[in-house]
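Engineer:
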Amino acid sequence: MGRPTDTRDRILATARELFLEKGVRDTSLQHIADRLGITKPALYYHFSSRDDLLRTIVTPMFEELEAFLAEQAGATAEELLGAYFDLAWRRRDTLVMILSDLSVLHELDLIARMLAFREGLTTILMGGAPELGARIRATVAVGGLSDTVVMFPREPYEQVRQAAVAAAIMALRG
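Position 128 (the sequence shown) corresponds to 128 in the numbering used here; numbering is contiguous.
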């Protein structure tokens, strides 16, 4: 028999797969157990609920986003947007899962964290210019970059990154 962490990792991988295939709302613990060929009680040994399982998948992305913001002092807009693109690209499956069913953020009480991250990132990009136009351009730059990662996941990374970061810079400059 495999180690508990092996089973836990298999559960997480299968849950990610099913959440992306069927959507979060339409994936039950029974679906996950069936795909793995284990019993539902075996899932409960590792995760107390579907929300616990989902939180285990989603929370690391939020922790990484928050750490990312803390590390950005002194970065140029292009460096910041490029680094954010890289982070979003690495986490694109989680982003797709969330964007496919935004109620995930509500169910897991993560809306405030997502908004705080977006506000922090746009504030850095505004460079201390609080006027409405600068706030809108920064919001478009960040949102467009995130959307690009989600919309073009099968395209060549370098091409998508180059075009997305360039477009985000143009949005910032207006």
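For each residue, glycine too, the CB sits at the ideal point set by N, CA and C. Note that this is a predicted model, so its numbers are computed, not measured.
Please return the same chain residues whose Cβ sits closer than 8 Å to the Cβ of G174, not counting the five positions on each side in sequence.
Structural biologist: Excluding residues within five positions, the ones whose Cβ falls inside 8 Å are G133, R137.
Engineer: According to DSSP, simplified to helix, strand and coil, what is R154?
Structural biologist: Note: R154 maps to coil in three-state DSSP.
Engineer: How is L36 classed by DSSP in three states: helix, strand or coil?
Structural biologist: DSSP places L36 in helix when its eight states are reduced to three.
Engineer: How would you label G127, buried or exposed, when you count the other beta carbons within 10 angstroms and need 16 or more for buried?
Structural biologist: Exposed, since its Cβ has fewer than 16 Cβ neighbours within 10 Å.
Engineer: Less than 9 Å between the C-beta atoms of R161 and D86, yes or no?
Structural biologist: Cβ atoms of R161 and D86: closer than 9 Å.
Engineer: Using DSSP with H/G/I as helix, E/B as strand and the rest coil, what is E17?
Structural biologist: Correct three-state label for E17: helix.
Engineer: Would you call the CB atoms of L81 and A33 closer than 9 Å?
Structural biologist: No, they are not a contact pair.
Engineer: Could you name the residues of the same chain whose beta carbon sits closer than 7 Å to that of A171, not counting the 5 residues immediately before and after it, in chain order?
Structural biologist: Hits under 7 Å: R137, V140, A141, G144.
Engineer: Out of curiosity, what's the CA-to-CA distance linking R92 and P41?
Structural biologist: Looking at the two C-alpha atoms, the distance is approximately 30 Å.
Engineer: Assuming V104 contacts M114 under a Cβ cut-off of 8 Å, what Cβ separation, rounded to an integer in Å, is found between them?
Structural biologist: The Cβ separation is near 10 Å, so there is no contact.
Engineer: Please report how far the alpha carbon of R10 lies from the alpha carbon of I57, in whole angstroms.
Structural biologist: The straight-line gap from Cα to Cα measures roughly 12 Å.
Engineer: Do you know whose CA, among R35, L69, L53, Y84, lies nearest I169's CA?
Structural biologist: Ranking R35, L69, L53, Y84 by Cα distance to I169 puts Y84 first.
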